[in-house]
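Each residue of the sequence shown is one higher than the one before, counting from 5 in my numbering.
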Amino acid sequence: MKYCTICGKEFPDDVDTCDSCKYRFDSIAINGETEPLSDKTTVFSPGSIIGGRYQVIKLIGQGGMGSVFLVHDTMLKDQKNVLKVIHPRLVKNLEALQRFIDEVIICQKLNHPNIIKVFHLDRIDNFHFFTMEFVDGISLREWFNRLKDKKPPFSLTETLSVIHLLLDALSYAHHFMIHRDIKPENIIILGDFPDIRVKILDFGIAKTLSPSKFIQMAQTMGTAYYIAPEQMNGVKNIDHRSDLYSVGMIFYEMLTGEKAVGRFSLPTEFIHGLPAEIDSIVTTALAPRADGRYSSAEEMKKALEEVPLSGERDEKPETISSYAVEASPKSFLPEKELPQKPRKTIAPAILILLALIVVCFFGF
Ligand SMILES: Nc1ncnc2c1ncn2[C@@H]1O[C@H](COP(=O)(O)OP(=O)(O)OP(=O)(O)O)[C@@H](O)[C@H]1O
Ligand SMILES: [Mg+2]
5 MKYCTICGKE
15 FPDDVDTCDS
25 CKYRFDSIAI
35 NGETEPLSDK
45 TTVFSPGSII
55 GGRYQVIKLI
65 GQGGMGSVFL
75 VHDTMLKDQK
85 NVLKVIHPRL
95 VKNLEALQRF
105 IDEVIICQKL
115 NHPNIIKVFH
125 LDRIDNFHFF
135 TMEFVDGISL
145 REWFNRLKDK
155 KPPFSLTETL
165 SVIHLLLDAL
175 SYAHHFMIHR
185 DIKPENIIIL
195 GDFPDIRVKI
205 LDFGIAKTLS
215 PSKFIQMAQT
225 MGTAYYIAPE
235 QMNGVKNIDH
245 RSDLYSVGMI
255 FYEMLTGEKA
265 VGRFSLPTEF
275 IHGLPAEIDS
285 IVTTALAPRA
295 DGRYSSAEEM
305 KKALEEVPLS
315 GERDEKPETI
325 SSYAVEASPK
335 SFLPEKELPQ
345 KPRKTIAPAI
355 LILLALIVVC
365 FFGF
């Protein structure tokens, strides 16, 4: 099965032209430029101008949700930004499109040094895209790939510093939204230990998809094991503790080089010299039920702060300095007022209590 990149309609594999919009599946024309196109990708050629403003430098990556380009913002002195185009087939129904727009609008208002700054949301024809800060670092996925022969890949201190920065970002962002798709692909590491920085990408974008489509996509991309069990089971109203589960998975993988799937061994069982506290942090973060986990990113951070570092193993892995380069300039956009999370109200509880008192009083 293939999808028309323009109108999202599905076709059998042997069809080469969309019968609705006449789009040819092996190429795409944007501003007169064409480039070969594989089945499920959206490709703009280098030099193309998107939305009359963004000039494509190159394609920097493709995930399940869309394609990511490095662009020059010609309106802002050719500043380098990143532009992410969502696959048109994912936002072809209005509900999904609205969810995508709502989440990007919240992201635009997030303002935290460890969260990617989202700038501009726009569309051209059927291509919905947003622009964001460009960070010239290395994704955690790329790090895992580079260190795949090193067991364990990261030292305890390095792991703790990354996880701390992630939790800092989440304890801020969870006032406004849930990420839903914390995975190594969505984490970029900048700088060198001990002075690293992280940037979390793609806040809330996963919400564009229905829970079942999201799981299907994660399974196709091989990232489903970062997803909390309740999210895997399609529970609609998940909360911030699902993100904490994903952080627990990353914590375990950074420390051990293994994925915490099935009946996994505790970190101290196979990594010599780790403090015992690590085991209880892992089991709490990865509790199958959300109410067995840390109740907040803040609480998990506190537990990490209590881990003694004296027992750390001697051997240090390769450092980030050999690969990472400095980050891009800071966001220049003015800070916006953050949306407020709806306050929990106790009014319904008081009303029920009053009703009970009245019934008891008059009933007897
Ligand atoms: N703002 C950015 N700066 C630098 N690199 C980025 C930026 N945004 C994305 N990337 C890189 O582009 C690549 C593709 O990202 P993308 O989000 O499309 O893929 P993904 O995370 O694997 O899948 P998904 O679509 O589910 O998020 C990743 O390697 C990511 O590190
Ligand atoms: Mg991503």
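Note that CB positions come from ideal geometry on N, CA and C, so glycine has one too.
Using a cutoff of 6 Å, the CB of Glu310 does not count as near ligand 1, since none of the ligand's heavy atoms is closer than that. For His168, the enclosing alpha helix (DSSP H) stretches over residues Leu160 to Ala177. For Ile275, no beta strand (DSSP E) encloses it, and the DSSP letter there is neither H nor E.
Ranked by how close their Cα comes to the Cα of Phe148, the residues Asp140, Phe158 and Gly141 have Phe158 in first place. Comparing alpha-carbon positions, the option among Ile356, Ser214 and Pro233 lying closest to Val95 turns out to be Ser214. At least one heavy atom of ligand 2 falls within 6 Å of the beta-carbon of Gly67. Listed in chain order, the beta strand (DSSP E) elements of length 3 or more contained wholly in the region 44-110 are 58-66, 70-77 and 83-90.
Taking 7 Å as the cut-off, the beta carbon of Arg184 is found no closer than this to the beta carbon of Lys155. The DSSP-derived three-state label of Asp23 is coil. For Val122, the enclosing beta strand (DSSP E) has its first and last residue at Val122 to Ile128.
Around Leu270, the same chain offers Asp283 as residues with beta carbons nearer than 6 Å, after the five sequence neighbours per side are excluded. Cβ neighbours of Lys187 within its own chain (closer than 6 Å, five residues either side excluded): Thr227 and Tyr230.
Leu248 is positioned such that its CB atom lies no closer than 7 Å to that of Ala307. Boundaries of the alpha helix (DSSP H) harbouring Ile254: Arg245 to Thr260, taken from the DSSP string.
Taking 7 Å as the cut-off, the Cβ atoms of Glu107 and Gly261 do not count as close. Excluding its 5 nearest sequence neighbours in each direction, Gly238 has C-beta neighbours in its own chain below 8 Å: Pro215, Ser216 and Ile219, listed in chain order.
Relative to ligand 1, the beta carbon of Phe218 is positioned no closer than 6 Å to any heavy atom. Sequence-distant Cβ neighbours of Glu310 in its own chain, meaning closer than 8 Å and more than five residues away, are Glu281. Bounds of any alpha helix (DSSP H) do not take in Leu194; it lies within the beta strand (DSSP E) bounded by Ile191 to Leu194.
Secondary structure of Thr288 (DSSP, three-state): helix.
Taking the C-beta atoms as reference points, Ile120 is found nearer than 7 Å to Glu137. A direct Cα-Cα distance of roughly 44 Å separates Ala291 from Gln83. Only buried fits Thr135, as 16 or more other CB atoms lie within 10 angstroms of its CB. DSSP, reduced to helix, strand and coil, places Ser216 within a helical segment of the structure shown.
At a cut-off of 6 Å, the beta-carbon of Asp247 does not count as near ligand 2: no heavy atom of the ligand is closer than that. A direct Cα-to-Cα measurement between Arg297 and Ile285 gives close to 9 Å. The bridge partners DSSP lists for Lys203 are Ile192. Note on Leu80: under 16 other CB atoms within 10 angstroms of its CB, so exposed under the neighbour-count rule.
Between Ile90 and Gly70 the beta-carbon gap is near 4 Å, inside 8 Å, which marks them as a contact. Short of 6 Å from the beta carbon of Gly252, and not among the five residues preceding or following it, lie these beta carbons of its own chain, in chain order: Ala289 and Leu290. Its Cα nearest to that of Thr163, the residue Ile193 stands out among Asp140, Pro117, Ile193 and His132. Between Ala173 and Asn118, the beta carbon gap of about 4 Å places them in contact (Cβ cut-off 8 Å). In the structure shown, Phe148 falls within a helical segment according to DSSP collapsed to helix, strand and coil. Per DSSP, the unbroken beta strand (DSSP E) holding Met136 starts and ends at Phe131 to Glu137. As a beta-bridge residue in DSSP terms, Ser143 pairs with Ile192. Comparing alpha-carbon positions, the option among Val19, Ser246, His132 and Thr161 lying closest to Asp295 turns out to be Ser246.
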